[in-house]
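Quick note: the sequence shown uses my numbering, first residue 1, plus one each step.
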Amino acid sequence: MKKFIKRSMAIFSLALILTLAFGSRSLAYSEIPECFDFGETVFKMNAGTTKDVWIMSNYNYTYYIGPHSSSGTYMECTCRAGSEYVRIHIGADETEKNVFFHFYVSDDRMPTSEKHDCIEVYVQNIDPAAAAEVQAKEDALAALKSFSGNNSEFNAFYYYSNYKDLRDAYGTDANKLLAHYNQFGKNEHRIANKLK
1 MKKFIKRSMA IFSLALILTL AFGSRSLAYS EIPECFDFGE TVFKMNAGTT
51 KDVWIMSNYN YTYYIGPHSS SGTYMECTCR AGSEYVRIHI GADETEKNVF
101 FHFYVSDDRM PTSEKHDCIE VYVQNIDPAA AAEVQAKEDA LAALKSFSGN
151 NSEFNAFYYY SNYKDLRDAY GTDANKLLAH YNQFGKNEHR IANKLK
């Protein structure tokens, strides 16, 4: 009988230890656990998908997204202290292989905004056609910036960036943008030498 009680107590103790060890929520590593903690800090997502990630913030915060190529890559969150699920979106045309979502404390209770942590997303199944399209657009914008007709009064990149009607009509054709500026833009007081 004593043996049975000892064995039962040992089994009960082991079950209690296992329950305490694995039954509680284990949080992901954080560089600054006094400010943030995340359910996950590094994970994979396919281009064109969304994922809900649990975060805990002891302070109000702000965030920004590191280099990314898609306007469909963004995050939905409250930016308030507390526990919540943020929704991370990776655009279908995303071409960056690693996208970082940076979190910064933005709270009067914390005198510095240098407290920073991040979530890293490895983007999978990138569409080669989308990647080629993004690269072509980047090349076209680079050509506008280095256009030989640029001077102190006119810059093809600024003119293109400032006016949607011109983007729609002429695209990234720097010669047509310059011709429009000389023929109409000056008289319309359009801005062509800085971003407005």
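Note that CB positions come from ideal geometry on N, CA and C, so glycine has one too. Predicted, not measured: the structure shown is a model, and the values here were computed from it.
- DSSP beta-bridge partners for MET56? DSSP links MET56 through a beta bridge to ASP37, SER83.
- Item | Contact set for THR95: own chain, Cβ-Cβ below 7 Å, skip 5 residues either direction | Result list for THR95: SER69, ILE126, ALA130, ALA131, VAL134, in chain order.
- Message: For ASN193, tell me which candidate among ASN182, ARG167, ALA156, ASP168 has the shortest Cα-Cα distance.
- Response: Closest by C-alpha distance to ASN193, out of ASN182, ARG167, ALA156, ASP168, is ALA156.
- Message: Can you give me the C-alpha to C-alpha distance between SER161 and GLU76, rounded to a whole angstrom?
- Response: In this structure, the alpha-carbon of SER161 lies about 27 Å from that of GLU76.
- Message: Helix, strand or coil for PHE184? Go by DSSP, reduced to three states.
- Response: When DSSP states are grouped into helix, strand and coil, PHE184 belongs to the helix group.
- Message: Among ILE119, TYR104, ILE65, whose alpha-carbon lies nearest the alpha-carbon of THR112?
- Response: Nearest neighbour of THR112 by Cα position, chosen from ILE119, TYR104, ILE65, turns out to be TYR104.
- Mind checking which residues open and close the beta strand (DSSP E) that includes GLU120? Start and end: 116-124.
- Task: Quick one: give me the first and last residue of the alpha helix (DSSP H) that PHE154 is part of.
- Result: First-last for PHE154: undefined, no H or E at that position.
- Query: Regarding SER146 and the ligand MG, is the C-beta to nearest heavy atom distance less than 6 Å?
  - Reply: For the structure depicted, the ligand MG is absent and the ligand set is empty, with no information on it obtainable.
- Item | Other residues of its chain near ILE65: CB distance less than 8 Å, five sequence neighbours each side excluded | Closer than 8 Å at the Cβ level, and outside the excluded window around ILE65, lie THR73, TYR74, MET75, VAL99, PHE100, PHE101, HIS102.
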